[in-house]
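Please read the structure below before turning to the comments.
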């Protein structure tokens, strides 16, 4: 084609476009002069591509034409990128992907060269072939973020796991990319594979759960990353921090977890006027201690006092907005007038308020100043817009720490009488200063000094002024503390809405998965609905009959407060006929057992002193007897020592696992497990009745952490007999086994018993498990282990009898060696159960 | 330390010999209450946490009143004959030996039953007739009754909260006593006490010590069964005046005896370091 023909065709196409769309021909005519240096043939090729794209999809054509000038400026080879762009016409609705391509191709070319650009393009086109949406996610994501300084290799390694995920689990790139980029920053490219593999496993258990993992929306998704993050973990040290705050501020300030996660700026502590929210990680211990003290300082010096906040709004000429459903005030109306420059003002306001609080803390808290200055010296100012804020704050703090005069605008804040409003006024003065460049929300967290963060981010529960809460002068901490404690008694704050949203088990609200079928671990078995059990406890009103217990989370190394909810129920399934049958069947065993009880001779004998008869003389008693006798008295002849079993002051609680799995057949015996358990419990009850020991028999079954059912079959003060036997004969299996909560409740039940020795016998057929344990057997194992320790601390001796032949694998870790026994032979249970008790009570 | 009477056996009943008075600074009106109770010879119960100065107060009062003081530390195996007395064999005959309580009743001393709750309940009952208008001690084994000497006075100490709910004085016992409540002294007073008791010559050290101790007290009931006592502060000050570094002294006297709980130790260390460490 000659040059002339080309020019003619260009004109023809333009007219053709004109006939169809004014916009199209205008865009084309605007772009064409940019290509004036190119030959008419190339220009024609470009225009044809533009036309074809426009005819394929108007938006695609427009995107192509509009991005041309900027792309051409960076990359002169029109033919190459035109051909690349034209390829998008293969798919319907691909214009957004094309738009992304056109926007970035020039920069990619400039940075990676032509070969690199071709690789980048090819990668994207492969995703387009899978799905245009994936292609769009690829091309619209900033290539620099994709590469993360590793060039095309970086992009390839980032996308490698996604390919497998898309093929196997149909995970979209849009879901994968944002989380993966954050994950890579935390755990590096090598760790990405394991991270993705974990997610793939979760995708198998449930799509929503897996996707939330990749989006870093649930605890599982974040936890894996957090484990890899370096730094100090305040949550693991929450008890230490809480004790510290209690010591310094005479107040029990609840510490909660903030929803900070990698990718959300620098972590910092926050406060809602009631609790302090701690991020999962802070850079070091100094920062954690400073942050905790500083944040508590805000509570101490009334940043969140209603009176102070009201003064602020009054100054602004308005009233504070109505409190929300949780009785909280939001700060937003204060910042709203600043519109786009809102964050700028917020940072300055926070800085002023921080200075005011820290000035007071430095004066009142020994050691705070030196720790703060140590922390400040170890940090580097951030780059970008946040730098100016940081450096200003840094210099002011240095002056504050050295005792020099601050910037005159801030000086009034060091005064003891300075209030929140003064900080606000100072912030207004600073706001007028042009050195503080506009800043966006992403850079905001960088503008704060270490140990400091946004004060006004959360809506706050307004509180009373500190001196109203603490009547006594602060100087006398001990006296003040006592009074505050009395006032605080019984006023544990409810969880704030954020905490509720952060429910780590939020995913259990998702549609239930179908868990029926064969298989399942021992202890869980096949979940079966039971008529005695209501649905999840969540719908039930809080309070009545529900006892909350903490639960140990080994991953966080801390307690989840009031996490497990135990509901006491009675078992009204009474089967007297079955009980009679069982007694009949085991009559022989019972007879032998009774004989054992009559003549049981303990191996180790404890000497009893001052006995009326016995094997040897009690020297002290004898002397006293002879002396009394000679003195003319008639003392009682209790002068012997006897080696015999003392009347033991023992109370025993047998806690039976009543999970679904006991309804199964046991490989090591005849019939169902539950038959043997019923028989064992009845014989146990009979034996203990005849011994006269105080005993109780209870059972438990759980479904989720907030619904742990605790069945009291025989209470301590009840007497055994036909009624109890009938109830024992009526037990059946249901749901799962959350042992820790049941054990804690059992410990509590022991409180009503006055006995020297307290024995907790746990009868189970498997390891602890529940529907919401996330498939992590270690979680409830660890919780049970901790519950056992609590039992020992409470003076209760725990002992586990298991029917799980593999019990030896995990029980030593939970109960400790020698504190459990594995019954391999199921048929032995009825006779062995009372025997084990007799052995234990010696 | 160079008291010649130390390390030598002597009778439990000893009238104060007019030496140096035990160091005691009154917190509130306890001296007046005790004096009034003494005038009427009413039995007294001293309540308060460990190491707040109950025993020292009584020593001080006995000294000021010039009364002999008999102290019995009660324990769970303490029987009534340990208090009242018993028959002993000597050669061919039996002789009666008075217990400390009987001696005090006969000779007119102040009898101090320390931590009375620890003793068995049968022992607490024998003091009943001594604590009301009768002021008598029955000697069951001898079928005798002793009317108490006019100067006899019974004092018990009782630390509520220290014992479990299972161990408490019977209300019938409690209500026979005049109660004097003790607590840790306020800050200024505590400084004086620590300085006076330990002879520590550095007021700034004592000030820090007392401030740290008061902070540590806030942790009571959070795993700390017994709070940092005034006695512990005195010990710390004594260690310091014996030449130990303040940080080490405070740790040795104020943390390690109190708890093994790592979080508590960390928190207490933090408090002490803030006061005595390089940071301070």
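Protein chains in written order, with this note's numbering: chain A, -10 to 831; chain B, 24 to 303.
Glycine included, each C-beta is placed from N, C-alpha and C at the ideal position.
This structure is a prediction, so every number in the text was calculated from the model and none was measured.
Practice task
Please list the partners that residue 300/B has in chain A, where partner means a Cβ-to-Cβ separation under 8 Å.
Solution key: Here residue 300/B refers to the residue found at position 277 of the second chain. Correct list: 356.
Exercise for the section: Output the residue ranges of the alpha helix (DSSP H) runs that lie fully inside the stretch 100 to 168 of chain B and measure 4 residues or longer, sorted by chain position. Expected result: Within the stretch 100 to 168 of chain B, the complete alpha helix (DSSP H) segments of 4 residues or longer fall at 103 to 107, 123 to 130, 144 to 149, 151 to 154, listed in chain order.
Problem - Close-in-space but distant-in-sequence residues of the same chain around residue 230/A (CB under 8 Å, 5 per side omitted) - result: The residue you call residue 230/A lines up with position 241 of the first chain. Excluding residues up to 5 positions away in sequence, 223, 244, 267, 277, 278, 281 lie with their Cβ nearer than 8 Å to the Cβ of residue 230/A in the same chain.
Handout entry: Extent of the continuous beta strand (DSSP E) run through residue 750/A
Key = Within the first chain, residue 750/A is the residue found at index 761, counting from 1. For residue 750/A, the uninterrupted beta strand (DSSP E) run begins and ends at 746 to 753, by DSSP.
Exercise for the section: Specify the secondary structure class of residue 176/A as computed by DSSP and reduced to three states. Expected result: Start at 1 with the first residue of the first chain, and residue 176/A comes out as number 187. Helix at residue 176/A.
Exercise for the section: Residues of the stretch 107 to 130 of chain B with a CB closer than 8 Å to any CB of chain A: list them in chain order, please. Expected result: Those residues of the stretch 107 to 130 of chain B that come within reach of chain A (Cβ to Cβ, closer than 8 Å) are 109, 110, 111, 112, 116, 117, 119.
Exercise for the section: Check whether the stretch 356 to 363 of chain A touches the stretch 319 to 337 of chain A, counting contact only when three or more Cβ pairs, one atom from each stretch, lie closer than 8 Å. Expected result: No: fewer than three Cβ pairs fall under 8 Å.
Practice task
Return yes when the Cβ of residue 6/A is within less than 7 Å of the Cβ of residue 13/A, no when it is not.
Solution key: Counting from 1 along the first chain, the entry for residue 13/A is found at position 24. Counting from 1 along the first chain, the entry for residue 6/A is found at position 17. In this structure, residue 13/A sits near residue 6/A, with a CB-CB distance shorter than 7 Å.
Practice task
Measuring only between beta-carbons, confirm whether residue 294/B sits less than 7 Å from chain A.
Solution key: One-based indexing of the second chain puts residue 294/B at position 271. At a cut-off of 7 Å between C-beta atoms, residue 294/B counts as an interface residue with respect to chain A.
Exercise for the section: Could you tell me the boundaries of the beta strand (DSSP E) in which residue 218/A lies? Expected result: Translated into the one-based positions of the first chain, residue 218/A becomes position 229. Residue 218/A -> no beta strand (DSSP E), and no H or E assigned at all.
Practice task
Would you tell me roughly how many angstroms separate the C-alpha atoms of residue 592/A and residue 829/A, rounded to the nearest one?
Solution key: Against the first chain, residue 592/A aligns to sequence position 603. Against the first chain, residue 829/A aligns to sequence position 840. The predicted position of residue 592/A is uncertain, since its pLDDT is 40 and thus under 50; no value can be drawn from it.
Practice task
Using a threshold of 7 Å, state whether the C-beta atoms of residue 649/A and residue 709/A are closer than that.
Solution key: Within the first chain, residue 649/A is the residue found at index 660, counting from 1. Within the first chain, residue 709/A is the residue found at index 720, counting from 1. No, they are not a contact pair.
Handout entry: contact_flag[the stretch 417 to 426 of chain A, the stretch 444 to 459 of chain A] where n(CB pairs < 8 Å) is 3 or more
Key = Counting Cβ pairs under 8 Å, fewer than three are found: no touch.
Problem - Length of the line joining the Cα atoms of residue 775/A and residue 393/A - result: As a first step, residue 775/A must be located in the first chain, where it is residue number 786. As a first step, residue 393/A must be located in the first chain, where it is residue number 404. Near 52 Å, if we compare the C-alpha coordinates of residue 393/A and residue 775/A.
Practice task
Specify the secondary structure class of residue 689/A as computed by DSSP and reduced to three states.
Solution key: Working through the first chain from its first residue, we reach residue 689/A at position 700. When DSSP states are grouped into helix, strand and coil, residue 689/A belongs to the strand group.
Problem - Below-7 Å beta-carbon distance, residue 229/A vs any chain B residue - result: Translated into the one-based positions of the first chain, residue 229/A becomes position 240. Taking 7 Å as the CB threshold, residue 229/A lines the interface with chain B.
Exercise for the section: Answer with yes or no whether the minimum CB distance from residue 196/A to chain B is below 7 Å. Expected result: Numbered from 1 along the first chain, position 207 holds the residue referred to as residue 196/A. With 7 Å as the cut-off, residue 196/A does not count as an interface residue toward chain B.
Problem - Sequence-distant residues of the same chain with beta carbon closer than 7 Å to residue 103/B, five excluded per side - result: Reading the second chain from its first residue, position 80 is the one you call residue 103/B. Shown here for residue 103/B: same chain residues with a beta carbon closer than 7 Å to its own, the five before and five after excluded, namely 145, 146, 149 in chain order.
Exercise for the section: Indicate whether residue 136/A and residue 144/A have their beta-carbon atoms separated by less than 7 Å. Expected result: Here the question's residue 136/A lines up with position 147 in the first chain. Here the question's residue 144/A lines up with position 155 in the first chain. Remark: C-beta atoms of residue 136/A and residue 144/A approach each other more closely than 7 Å.
Handout entry: Simplified DSSP assignment, three categories, for residue 259/A
Key = Position 270 of the first chain, counted from the first residue, corresponds to residue 259/A. Three-state result, residue 259/A: strand.
Exercise for the section: Go ahead and label residue 821/A buried or exposed: buried means 16 or more other beta carbons lie within 10 angstroms of its beta carbon, across all protein chains shown. Expected result: Here residue 821/A refers to the residue found at position 832 when the first chain is read from its first residue. Burial of residue 821/A is indicated by the presence of at least 16 other C-beta atoms within 10 angstroms of its C-beta.
Problem - residue 35/B - DSSP class collapsed to helix/strand/coil - result: Taking the first residue of the second chain as 1, we reach residue 35/B at position 12. In the structure shown, residue 35/B sits in coil (DSSP, three-state: anything other than H, G, I, E or B).
Practice task
Within 10 angstroms of the Cβ of residue 51/A, are there 16 or more other Cβ atoms? Answer buried if so, exposed if not.
Solution key: Reading the first chain from its first residue, position 62 is the one you call residue 51/A. It is buried - the Cβ of residue 51/A has at least 16 other Cβ atoms within 10 Å.
Exercise for the section: Note down the Cα distance separating residue 302/A from residue 318/A, rounded to an integer number of angstroms. Expected result: The residue labelled residue 302/A in the question sits at position 313 within the first chain. The residue labelled residue 318/A in the question sits at position 329 within the first chain. Rounded to the nearest angstrom, the two C-alpha atoms are 11 Å apart.
Exercise for the section: Find the residues of chain B that neighbour residue 858/A, judging by a C-beta separation of less than 7 Å, and give them in chain order. Expected result: Look at the range of chain A in this structure, -10 to 831, and you will see that residue 858/A is not part of it.
Handout entry: Own chain residues within Cβ distance below 7 Å of residue 3/A, not counting five before or after
Key = Locating residue 3/A in the first chain gives position 14, where the first residue counts as 1. For residue 3/A, where only same-chain residues beyond five positions count, the Cβ hits under 7 Å are 14, 17, 18.
Problem - Distance between residue 348/A and residue 409/A (C-alpha atoms, nearest Å) - result: Within the first chain, numbered from 1, the residue matching residue 409/A stands at position 420. Within the first chain, numbered from 1, the residue matching residue 348/A stands at position 359. Cα-Cα distance, rounded: 13 Å.
Exercise for the section: Going by DSSP, name the residue or residues bridged to residue 265/A. Expected result: In the first chain, the residue the question calls residue 265/A occupies position 276. By DSSP's assignment, residue 265/A forms a beta bridge with 244/A, 260/A.
Handout entry: Rounded straight-line distance, which links the Cα of residue 220/A to that of residue 77/B
Key = The residue you call residue 77/B lines up with position 54 of the second chain. The residue you call residue 220/A lines up with position 231 of the first chain. When only Cα atoms are considered, residue 77/B and residue 220/A end up about 48 Å apart.
Practice task
Could you name the residues of chain A that residue 132/B contacts, counting a contact when the two beta carbons are closer than 9 Å?
Solution key: To locate residue 132/B, count along the second chain from 1; it is residue 109. Going along chain A, no residue has its Cβ under 9 Å from residue 132/B, so there is no contact; the nearest lies around 26 Å.
Exercise for the section: Would you mind telling me which residues of chain A sit closer than 8 Å to residue 249/B, beta carbon to beta carbon, in chain order? Expected result: Against the second chain, residue 249/B aligns to sequence position 226. Neighbours of residue 249/B in chain A, taken as residues at a C-beta separation under 8 Å, are lacking, since the least C-beta distance is about 14 Å.
Problem - alpha helix (DSSP H) segments (min. 4 residues) lying fully within the stretch 416 to 455 of chain A - result: Entirely contained in the stretch 416 to 455 of chain A, the alpha helix (DSSP H) runs reaching 4 residues are, in chain order, 430 to 433.
Problem - Between the CA atoms of residue 34/B and residue 211/B - distance to the nearest angstrom - result: For the purposes of this step, residue 211/B is taken as residue 188 along the second chain, with counting starting at 1. For the purposes of this step, residue 34/B is taken as residue 11 along the second chain, with counting starting at 1. The alpha-carbon atoms of residue 211/B and residue 34/B are separated by roughly 39 Å.
Practice task
With DSSP collapsed to three states, give me the class of residue 132/A.
Solution key: As a working note, residue 132/A is residue 143 in the first chain. Reduced to three states, the DSSP call for residue 132/A is helix.
Exercise for the section: Could you tell me whether any Cβ in chain A is nearer than 7 Å to the Cβ of residue 230/B? Expected result: For this step, residue 230/B is matched to residue 207 along the second chain. Closer than 7 Å: no.
Problem - residue 716/A and residue 560/A closer than 7 Å at C-beta - result: Taking the first chain and counting its residues from 1, the one referred to as residue 716/A is at position 727. Taking the first chain and counting its residues from 1, the one referred to as residue 560/A is at position 571. Against a cut-off of 7 Å, the Cβ pair of residue 560/A and residue 716/A comes out as a contact.
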